[in-house]
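Chemist: Numbering (the numbering used here), first residue to last: -7 to 353.
Just so you know, even glycine gets a beta-carbon here, dropped at the ideal spot from N, CA and C.
Given the structure is predicted, the values throughout are model-derived calculations rather than measurements.
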C-alpha cells in the first residue's frame, strides 16, 4: 500500500527539546511523470498529447491572471493575484510590479481533506547518531546566535564530545562569504556542550559578519567521521566609527555573503560611544520589513519601529536613555534583504553595532 514516509527530527528551536514530524519525499516527480501517469489511466491519449495539454493549462491560467481574473480549478486549487507594499498618498503611483505583484495559489479544503482521508503514513528510523548543536550563546553579552571574538561562546546540544587531537575531529567556524577557522581555545568539551573562546576567520568586507559553526567527531577509534552543523547563522558585532564627524563614512550592516551591503549606515545623532542592536523583522501580515534600534538585553528597551517597503533612506529613532538618539540608514537592496530575513533568519535579523563618535585609524 502506498504510504507517506516520515521520521522524527530534533527541533533545535525549542526548550525543552522536542521533535518535529518530518515528511521524507520518496522522489521528485515532474510534469513528464504526471503526463505518463495520466496516459496509463487513459490509454486513448498519448503521453505527448497530455504533456501538451498540461503545459497549455499553465499558459491559459497565466493569461486569465494577466486579465485580472481569479482562476478556480473546482475541487483542487485556485490562483489569484495580489499586491504588497504601501502608498503614502492615494494618488501615489504603483511601485514596480516586480516588487509588489504577487501570485497566490490556494489548495481547496475538499482536495486536502481527500488526501488526508486516503493517506497512510510509514515511520522511518531517526537519523544515525551525529553531533547536534541546538543552541549557541555568547556568555559575555548574554545573547543567542552572537559570535563575539571578545566573548565566550557556549554551544549546547548532544553527542558533541570530540578529541581535538584526533585527525578530522574539530569545531569549525566558517564565514559564509569566505574563510574558515578550526577552533583551538576550549574551556570545556562534553557531550552536552562545548565552551570556547572563538577565533573568527577573516572575510572580504567589513559587513561580511555572518558565520556557521559545526562539530565533527568519531564515536569510536575507527568510526566514521560525522559532522553536525548549527541550523542558525551566527553574527559578529560590527564597529561603526566616525558617526560623530561632520561627514561620516558609509558602513555596511545587515548583510550576509554579499560583495555589497544590503543596508548602509550613513549617519546618526549620538552623545557618546554606545553598543546597541539593530533589528529587522518581516511582518507576515503586511509583507513589509520593520526596522528598530534595541538595547543589549533581550526584551529590553526598543526604539519606535520604522516600516520599510523599498530601497531608500530612513531615520531610526533611539530607545529611552540611549546615547544614540537616531541612526540614519539607507536600504540598498530591499528585495535581497527581505529574502534573507525570510529564508535564513526565520523572519528576524539582528546585528550588534559598536557605535563610535571618532574615526578609527
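Can you tell me whether residue 142 is helix, strand or coil according to DSSP?
Modeler: It is coil, neither helix nor strand.
Chemist: Within 8 angstroms, do at least three Cβ pairs link the segment 191 to 203 to the segment 216 to 223?
Modeler: Short answer: they don't touch.
Chemist: Span of the beta strand (DSSP E) holding residue 187?
Modeler: From DSSP, the beta strand (DSSP E) with residue 187 extends over 185 to 188.
Chemist: Under 6 angstroms Cβ to Cβ from residue 148, same chain only, skipping five residues before and after it: list those, please.
Modeler: Around residue 148: 126, 127, 185.
Chemist: Once DSSP output is grouped into helix, strand and coil, what is the label at residue 58?
Modeler: Looking at residue 58 - three-state DSSP - the assignment turns out to be helix.
Chemist: Curious, which full-length beta strand (DSSP E) runs of at least 3 residues does the segment 247 to 288 contain?
Modeler: Listed in chain order, the complete beta strand (DSSP E) runs (minimum 3 residues) inside the segment 247 to 288 are 255 to 262, 266 to 275, 280 to 286.
Chemist: At which residues does the alpha helix (DSSP H) containing residue 158 begin and terminate?
Modeler: Note, residue 158: premise wrong, no alpha helix (DSSP H); not H, not E.
Chemist: Is the beta carbon of residue 295 closer than 7 angstroms to that of residue 282?
Modeler: Cβ atoms of residue 282 and residue 295: not closer than 7 angstroms.
Chemist: If I follow the unbroken beta strand (DSSP E) through residue 343, where does it start and stop?
Modeler: Residue 343 -> beta strand (DSSP E) spans 340 to 347.
Chemist: Could I get the ranges of all uninterrupted alpha helix (DSSP H) runs contained in the segment 60 to 127, with 4 residues as the minimum, in chain order?
Modeler: Counting whole runs of 4 or more residues, the segment 60 to 127 contains the alpha helix (DSSP H) stretches 89 to 92, 101 to 110.
Chemist: Skipping 5 residues on each side, what residues in its chain have a beta carbon closer than 6 angstroms to that of residue 136?
Modeler: Correct list, in chain order: 129.
Chemist: Relative to the alpha-carbon of residue 78, which residue among 310, 300, 42 has its alpha-carbon at the smallest distance?
Modeler: Residue 300 is the option with its Cα nearest to residue 78.
Chemist: With distance defined between alpha-carbon atoms, name the residue in 258, 344, 235, 313 nearest to residue 323.
Modeler: Minimum Cα distance to residue 323 is reached at 258.
Chemist: Quick one: residues in its chain with C-beta nearer than 7 angstroms to the C-beta of residue 188, no 5 flanking neighbours on either side, listed in chain order?
Modeler: Excluding residues within five positions, the ones whose Cβ falls inside 7 angstroms are 145, 163, 175, 177, 178, 179.
Chemist: Find the nearest neighbour of residue 121 within the set 232, 208, 349, judged by alpha-carbon distance.
Modeler: For residue 121, the nearest C-alpha among the options comes from 208.
Chemist: Got a sec? Which residues, its chain only, sit under 7 angstroms from residue 141 by beta carbon, not counting five neighbours each side?
Modeler: Answer for residue 141: 190, 192, 228, listed in chain order.
Chemist: For residue 169, does the count of other Cβ atoms within 10 angstroms reach 16, so buried, or fall short, so exposed?
Modeler: That one is buried.
Chemist: Count the other CB atoms, across all protein chains shown, that sit within 10 Å of the CB of residue 237; report buried if there are 16 or more and exposed otherwise.
Modeler: Exposed, because fewer than 16 other Cβ atoms sit within 10 Å of the Cβ of residue 237.
Chemist: Under 7 angstroms Cβ to Cβ from residue -3, same chain only, skipping five residues before and after it: list those, please.
Modeler: So the qualifying residues of the chain are 16, 18, 114, 116.
Chemist: By Cβ distance below 6 angstroms, which residues in the same chain neighbour residue 240 in space, the five residues on each side in sequence not counted?
Modeler: Correct list, in chain order: 234, 259.
Chemist: Grab me the residues of residue 23's own chain with a C-beta within less than 6 angstroms of its C-beta, minus the 5 sequence neighbours each way, in chain order.
Modeler: Counting only Cβ-Cβ distances below 6 angstroms, and skipping sequence neighbours, we find 46.
Chemist: Grouping DSSP H, G and I as helix and E and B as strand, with all else coil, what is residue 203?
Modeler: Reduced to three states, the DSSP call for residue 203 is strand.
Chemist: If I follow the unbroken alpha helix (DSSP H) through residue 329, where does it start and stop?
Modeler: It spans 326 to 336 - the alpha helix (DSSP H) in which residue 329 sits, taken as one unbroken run.
Chemist: For residue 384, is the classification buried or exposed, using 16 other Cβ atoms within 10 angstroms of its Cβ as the cut-off for buried?
Modeler: Residue numbering for the chain in the displayed model covers -7 to 353; residue 384 lies beyond these limits and cannot be assessed.
Chemist: Give every residue of the same chain whose Cβ lies closer than 8 angstroms to the Cβ of residue 293, excluding the five residues on either side of it in the sequence, and list them in chain order.
Modeler: Counting only Cβ-Cβ distances below 8 angstroms, and skipping sequence neighbours, we find 286, 287, 311, 312, 313, 314.
Chemist: Rounded to whole angstroms, what is the Cα-Cα separation between residue 57 and residue 101?
Modeler: Going by the C-alpha atoms only, they are around 22 angstroms apart.
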